[in-house]
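S.K.: Under the UniProt record's numbering, residue 193 is the last one in the sequence shown; the count climbs by one each step, no gaps. Sharing a structure below in structure tokens format, with a few things to ask.
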Amino acid sequence: MKIVIINYGAGNIQSIMFAIERLGFKAILSNNPDEIKAADKVIFPGVGEASSAMKMLLESGLETLIPTLKQPVLGICLGMQLMCNKSEEGNTKGLGIFDVDVIKFTPKVKVPQMGWNQIYNLKSPLFEGINENEYMYLVHSFYAPNCPEAIATTDYEVEYASALQKDNFYGTQFHPEKSGDVGEQILANFLKL
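Rendered as structure tokens:
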């Protein structure tokens, strides 16, 4: 299986690569459109700030490629947020794959939300064998509100979409690569899609 992690200068790519290796697979890092198109599975990571990450995607031309991919694509954290219509962070236009706008938590709660929180209302083959209310690792100040494309929910100030799916596109606000055995099971489920 050819697994490509999109390399656009944003992301904690090493921990994703190590998690995939623990599952018995190898991933390659690439920003080459032909390599990305030829992959069986594509992972779109992201850690950082939305507008500068989108600028890196625009500079590499990947903002037009990603929405056209036909194989399973998994956006993680900022990767998922960039797959939405837009983000309040830096007033950033997203890729428009998920029909929801990313907004900031209010000052009533500590941001970023950092640490372990539960996921529930699980609705996708991505969560096969995963129990409701499992704890996943999150670090974020912005979130996608609940919407029809939500396949998992988390509660922090409000209930929000901690995972999204539309067609072959999946996104997790949490970091499966940092969420222990349960997170690795979710990655394994993605690789089976």
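Just so it is clear, CB atoms sit at the ideal spot from N, CA and C, and this is done for glycine as well.
1) Where does Glu-177 land, buried or exposed, given buried means 16+ other C-beta within 10 angstroms?
2) When the Cβ atoms of the region 129-148 are set against those of the region 165-176, are three or more pairs found closer than 8 Å?
3) Please look up how many angstroms separate the CB atoms of Asn-85 and Val-100, rounded, as I've assumed it's under 8 Å.
4) If we ignore side chains and look at the alpha-carbon of each, how far apart do Glu-159 and Ala-150 end up?
5) Whether or not the region 91-110 and the region 119-134 are in contact is what I'm after, with contact meaning three or more pairs of Cβ atoms, one per stretch, closer than 8 Å; do they touch?
6) Could you give the residue range of the beta strand (DSSP E) that holds Ala-10?
7) Please list the terminal residues of the continuous alpha helix (DSSP H) segment that includes Ala-188.
8) To test your reading of the DSSP string, which unbroken beta strand (DSSP E) runs of 3 or more residues are found completely within the region 96-156?
9) On a Cα-Cα basis, can you pick out the residue from Ile-20, Pro-33 and Leu-187 that is closest to Tyr-170?
10) Taking the alpha-carbon positions, what's the Lys-55 to Ile-76 distance?
11) Can you name the residues that DSSP bridges to Cys-84?
12) If the criterion is Cβ atoms closer than 9 Å, does the pair Gly-96 and Ser-51 meet it?
13) Quick test of your reading: Glu-184 and Ala-19, contact by CB under 8 Å. State the CB separation rounded to the nearest angstrom.
14) Can you give the beta carbon distance from Ala-163 to Asn-146, rounded, assuming they're within the 8 Å contact cut?
15) With 16 as the cutoff for other CB atoms within 10 Å, does Gly-129 come out buried or exposed?
16) In chain order, what residues of the same chain have a beta carbon less than 6 Å from the beta carbon of Gly-72, not counting five sequence neighbours either side?
17) State the Cα-Cα distance for the pair Ile-3 and Ile-36, rounded to the nearest angstrom.
18) Please confirm if Ser-30 has its CB atom under 9 Å from at least one CB of chain D.
M.R.: Put simply:
1) Here residue 177 corresponds to residue number 177 of the sequence shown, with the count starting at 1. Label assigned to Glu-177: buried.
2) yes
3) Locating residue 85 in the sequence shown gives position 85, where the first residue counts as 1. Locating residue 100 in the sequence shown gives position 100, where the first residue counts as 1. 6 Å between Cβ atoms; contact.
4) Position 159 of the sequence shown holds residue 159. Position 150 of the sequence shown holds residue 150. Rounded to the nearest angstrom, the two C-alpha atoms are 11 Å apart.
5) no
6) As a working note, residue 10 is residue 10 in the sequence shown. Run containing Ala-10: none; DSSP gives neither H nor E here.
7) Reading the sequence shown from its first residue, position 188 is the one you call residue 188. Looking at the DSSP string, the run of the alpha helix (DSSP H) that includes Ala-188 is 180-192.
8) 98-104, 113-119, 134-140, 142-145 and 150-156
9) Locating residue 170 in the sequence shown gives position 170, counting from the first residue. The shortest C-alpha separation from Tyr-170 is found at Leu-187.
10) As a position in the sequence shown, residue 55 is number 55, starting the count at 1. As a position in the sequence shown, residue 76 is number 76, starting the count at 1. The alpha-carbon atoms of Lys-55 and Ile-76 are separated by roughly 18 Å.
11) The count along the sequence shown starts at 1 and reaches residue 84 at position 84. Paired residue(s): Phe-98.
12) Here residue 96 is taken as the residue at index 96 of the sequence shown, counted from 1. Here residue 51 is taken as the residue at index 51 of the sequence shown, counted from 1. No, Cβ-Cβ distance for Gly-96 and Ser-51 is not below 9 Å.
13) Sequence index remark: in the sequence shown, residue 184 carries index 184 (1-based). Sequence index remark: in the sequence shown, residue 19 carries index 19 (1-based). Confirmed, about 6 Å.
14) Within the sequence shown, the letter at position 163 stands for residue 163. Within the sequence shown, the letter at position 146 stands for residue 146. Between Asn-146 and Ala-163 the Cβ distance is about 11 Å, and since that is not below 8 Å, they are no contact.
15) Position 129 of the sequence shown, counting from 1, holds the residue named residue 129. By the neighbour-count rule (16 or more Cβ atoms within 10 Å), Gly-129 is not buried but exposed.
16) Taking the first residue of the sequence shown as 1, we reach residue 72 at position 72. Here residue 72 turns out to be Pro, not Gly, going by the sequence shown. Hits under 6 Å: Lys-41, Asn-168 and Leu-193.
17) For the purposes of this step, residue 3 is taken as residue 3 along the sequence shown, with counting starting at 1. For the purposes of this step, residue 36 is taken as residue 36 along the sequence shown, with counting starting at 1. When rounded, the distance between both Cα atoms is 9 Å.
18) Of the protein chains in the structure, only one exists, and it is not chain D.
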